[in-house]
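Input: a single structure, listed below in structure tokens.
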Amino acid sequence: MNKVHIQKFISYLKSIGAVKTQKEFALIIGYQSESAFSQAIAKVPIPVDTFDKIKNVYPEFEEFLKGSSHLEPQNWIEDDLSRYNSPNHDKTSLERLGLRLDEICRVKNISHQDLAKLLKIGYSDLLVLIAGNKPVPASLLEKIMKIMPEIKPLWLILGYGAMVDNKDEEIKRLKQELEELKKPTHPTENVDRRTA
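Everything in the sequence shown is counted per this note's numbering, starting at 858 for the first residue and increasing by one.
Written as structure tokens, this is what we have:
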């Protein structure tokens, strides 16, 4: 653990709205001033008591250091999709997963808040992903595929093809047409040409 790790964690906390400044973070974890905190994290190695102070207030810090957090760069979708980078795949489609999250809301007729609840993430985090300000984590795409299996993975990941399989819609339409054909016709509509 070094100063960079702590600064990344503070940036993460800022992005979710937990703290506004490094000074606020320092005061929350128990330092008297920002300068005392800055001096502590400048030391190599960082003192154990600094780590303990952070961990006592933010237990998720240890998980963050291990890279278990879904917002850590190791878990971003860019790493998982490296196998798709080729002349046949458009790089922008990999980067604009946020637009597809918005399209899911539109097509499924659900609000962004409802999608955030389904995915068990914060509403503000979802909006940041939809806006394209952060890459969409792979864990989030996996959740979407589990919750909504009708969404095609190829569409979700790369933006190719249709969002859902249209065969189901075609089958429904054909069944409706068949039911219409099965309905009896009125005898007055069938006029014999010989008598007319």
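Virtual Cβ for every residue (Gly too), placed ideally from N, Cα, C.
* Do V914 and I873 have their C-beta atoms closer together than 7 Å? -> Within the sequence shown, numbered from 1, the residue matching residue 914 stands at position 57. Within the sequence shown, numbered from 1, the residue matching residue 873 stands at position 16. Result no, Cβ atoms of V914 and I873 do not sit closer than 7 Å.
* **Counted within 10 angstroms of its Cβ, other Cβ atoms place L1011 as buried (16 or more) or exposed** => Walking along the sequence shown from the start, residue 1011 turns up at place 154. L1011 counts as exposed, since fewer than 16 other C-beta atoms from the protein chains shown sit within 10 angstroms of its C-beta.
* **Runs of alpha helix (DSSP H) lying entirely within the region 865 to 916, each at least 4 residues, in chain order** => Those alpha helix (DSSP H) runs which fall completely within the region 865 to 916 and span 4+ residues are 879 to 886, 891 to 899, 905 to 914.
* Selected residue, minimal CA-CA separation from M1020, among G955, A995, V964 -> Here residue 1020 refers to the residue found at position 163 of the sequence shown. Answer by Cα proximity: V964.
* To do: Just mark I898 as buried or exposed, buried being the case when its beta carbon has 16 or more other beta carbons within 10 Å.
  => For the purposes of this step, residue 898 is taken as the residue at position 41 of the sequence shown. Buried is the call here.
* Give the straight-line distance between the Cα atoms of S968 and G955, rounded to the nearest whole angstrom. => One-based indexing of the sequence shown puts residue 968 at position 111. One-based indexing of the sequence shown puts residue 955 at position 98. Our two residues, S968 and G955, have alpha carbons roughly 15 Å apart in a direct line.
* Asked: Do you know offhand how far D909's Cα is from V876's?
  -> Taking the first residue of the sequence shown as position 1, residue 909 is located at position 52. Taking the first residue of the sequence shown as position 1, residue 876 is located at position 19. A direct Cα-to-Cα measurement between D909 and V876 gives close to 19 Å.
* Secondary structure of V861, DSSP reduced to three states -> Looking up residue 861 in the sequence shown gives position 4. DSSP places V861 in helix when its eight states are reduced to three.
* Could you spell out the range, first to last residue, of the alpha helix (DSSP H) harbouring I1014? => Walking along the sequence shown from the start, residue 1014 turns up at place 157. Per DSSP, I1014 belongs to the alpha helix (DSSP H) from 1010 to 1015.
* **Reference K977; option with closest CA among L997, K880, T907** => For this step, residue 977 is matched to residue 120 along the sequence shown. Taking K977 as reference, the option from L997, K880, T907 with the minimal CA-CA separation is L997.
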